[in-house]
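Novice: One structure is given below, represented as structure tokens, and several questions about it will come after.
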Ligand SMILES: *Cc1c(COP(=O)(O)O)cnc(C)c1O
């Protein structure tokens, strides 16, 4: 099976399993796990923040960021399709009591978009307190959020004293694609979350970084939410290994995604009824639009040995990662074409 459903499907490599097996551990709830402490220091350093906290998931890291920077009833400004609003099971409302104000297009936001979404300080309006940006943008197909916009938004919201959070689940990819360091990409934000279990290939874990006082409060909430872990060095050893060994290879995933986009969009052999905008493929995600329903095409592809996700009525999403080779990408393009053609023929 070629699995392009997500970059979360990777399995630990032999080297990573070795690192897990030999990890030095202690009870992290007591602050005693040396591997976890080392990871947290390393990540805080990498992102240029005072402190970091290891979390079970990216959802937990994002939701801790919201919880420590808002009050119940507040408005959080997000882009269209934000993971924080769509894919976190309503946690913003359930755990922090916030509501979302959506601005911009496709996840992209300008300073004017953000300004237009700010609620004035009237007593009958919700209080705007936090702005969240995603980089890379998941639903927009792994596109990079322009850093010029980040800087302009930071400047515009500074006088209001709002929190500014970066959902950097794929910040490593944004950095690999642009050549801009993750430190520079994260600099304008108060808090930034990053993920180890996507393109980096670790089995579990994310981190939230930010000012020491906020991260200290996040530690209390992580405990409250049942996210305090004991010998977490077993997990953070994998994350440290991923940081050391799997960051520089992300450009291969990007080249594979571009290759898939070109195979599916090029003049020959162009797949009838398949539309891919290769110019929008900036990192490891390819949005594939169809002229037939996507779910049956995904089902047909599964029968031919390819796993791929239907993300909308007529859209599939393919994600490249360290467990998929160039040869498998060639194969995936052939399968996808066959599956789409079979479904179109069935339709006709
Ligand atoms: C995957 C993802 C997350 C969180 O992922 P978990 O599955 O909770 O680790 C957060 N933000 C974005 C943009 C993502 O793609």
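Residue numbers (this note's numbering): 17 to 364. Virtual Cβ for every residue (Gly too), placed ideally from N, Cα, C.
When we look at the beta-carbon of residue 197 and count the other beta-carbons within 10 Å, is it buried (16 or more) or exposed?
Specialist: Mapped onto the chain shown, residue 197 falls at position 181. Exposed, since its Cβ has fewer than 16 Cβ neighbours within 10 Å.
Novice: Give a single yes or no on whether residue 372 has its beta carbon closer than 7 Å to a heavy atom of ligand 1.
Specialist: Residue 372 is absent from the structure shown; the chain starts at 17 and stops at 364.
Novice: Do you know how far the Cα of residue 212 is from the Cα of residue 323?
Specialist: The residue labelled residue 323 in the question sits at position 307 within the chain shown. The residue labelled residue 212 in the question sits at position 196 within the chain shown. Those two C-alpha atoms are separated by around 22 Å.
Novice: Just to check my reading of the structure: residue 151 and residue 201 have Cβ atoms closer than 8 Å, yes? What is that Cβ distance to the nearest angstrom?
Specialist: In the chain shown, counting from the first residue as 1, residue 151 sits at position 135. In the chain shown, counting from the first residue as 1, residue 201 sits at position 185. At roughly 7 Å, the Cβ-Cβ gap stays under 8 Å, so residue 151 and residue 201 are in contact.
Novice: Closest to residue 10 by C-alpha separation, out of 22, 346 and 65, would be which residue?
Specialist: It is not possible to answer for residue 10, since the shown part of the chain is limited to 17 through 364.
Novice: Between the C-alpha atoms of residue 310 and residue 339, what's the straight-line distance to the nearest angstrom?
Specialist: Here residue 310 refers to the residue found at position 294 when the chain shown is read from its first residue. Here residue 339 refers to the residue found at position 323 when the chain shown is read from its first residue. So the alpha carbons of these two residues sit roughly 24 Å apart.
Novice: Check each candidate in 179, 308, 192 and 337 and name the one with the smallest Cα separation from residue 80.
Specialist: In the chain shown, residue 80 corresponds to position 64, counting from 1. If we check each option's Cα against that of residue 80, 179 comes out closest.
Novice: For residue 217, which residues does DSSP report across the bridge?
Specialist: As a working mapping, residue 217 is identified with position 201 in the chain shown. Per DSSP, none; premise fails for residue 217.
Novice: Quick one: Cα of residue 36 to Cα of residue 51, how far?
Specialist: As a first step, residue 36 is located in the chain shown; it is residue number 20 there, counting from the start. As a first step, residue 51 is located in the chain shown; it is residue number 35 there, counting from the start. When rounded, the distance between both Cα atoms is 10 Å.
Novice: CB of residue 298 to nearest heavy atom of ligand 1: below 7 Å?
Specialist: As a working mapping, residue 298 is identified with position 282 in the chain shown. No, ligand 1 has no heavy atom inside 7 Å of this Cβ.
Novice: Cβ of residue 270 versus every heavy atom of ligand 1: is any distance shorter than 7 Å?
Specialist: Working through the chain shown from its first residue, we reach residue 270 at position 254. Because no heavy atom of ligand 1 lies under 7 Å away, the Cβ of residue 270 does not count as near it: no.
Novice: Counting pairs of Cβ atoms below 8 Å between the segment 105-113 and the segment 74-94, do you hit three or more?
Specialist: Enough Cβ pairs lie closer than 8 Å, so yes.
Novice: Just verifying my parser: in three-state terms, what is the DSSP assignment at residue 171?
Specialist: Position 155 of the chain shown, counted from the first residue, corresponds to residue 171. DSSP places residue 171 in helix when its eight states are reduced to three.
Novice: Hey, out of 230, 273, 276 and 219, whose CA is closest to residue 72's CA?
Specialist: In the chain shown, residue 72 corresponds to position 56, counting from 1. Ranking the options by Cα distance to residue 72, first place goes to 219.
Novice: How about residue 91: is its Cβ closer than 7 Å to a heavy atom in ligand 1?
Specialist: Here residue 91 corresponds to residue number 75 of the chain shown, with the count starting at 1. No, the beta carbon of residue 91 sits no closer than 7 Å to any heavy atom of ligand 1.
Novice: Could you check if residue 122 belongs to the surroundings of ligand 1, using beta carbon to heavy atom distance under 7 Å?
Specialist: In the chain shown, residue 122 corresponds to position 106, counting from 1. No, the beta carbon of residue 122 sits no closer than 7 Å to any heavy atom of ligand 1.
Novice: For residue 185, verify whether its CB is less than 7 Å away from any heavy atom of ligand 1.
Specialist: Reading the chain shown from its first residue, position 169 is the one you call residue 185. Because some heavy atom of ligand 1 lies under 7 Å away, the Cβ of residue 185 counts as near it: yes.
Novice: What do you reckon, are the CB atoms on residue 335 and residue 21 nearer than 8 Å?
Specialist: Translated into positions along the chain shown, residue 335 becomes position 319. Translated into positions along the chain shown, residue 21 becomes position 5. Cβ atoms of residue 335 and residue 21: closer than 8 Å.
Novice: Check whether the Cβ atoms of residue 108 and residue 119 lie closer than 8 Å to each other.
Specialist: Residue numbering aside, residue 108 sits at position 92 when the chain shown is read from its first letter. Residue numbering aside, residue 119 sits at position 103 when the chain shown is read from its first letter. No.
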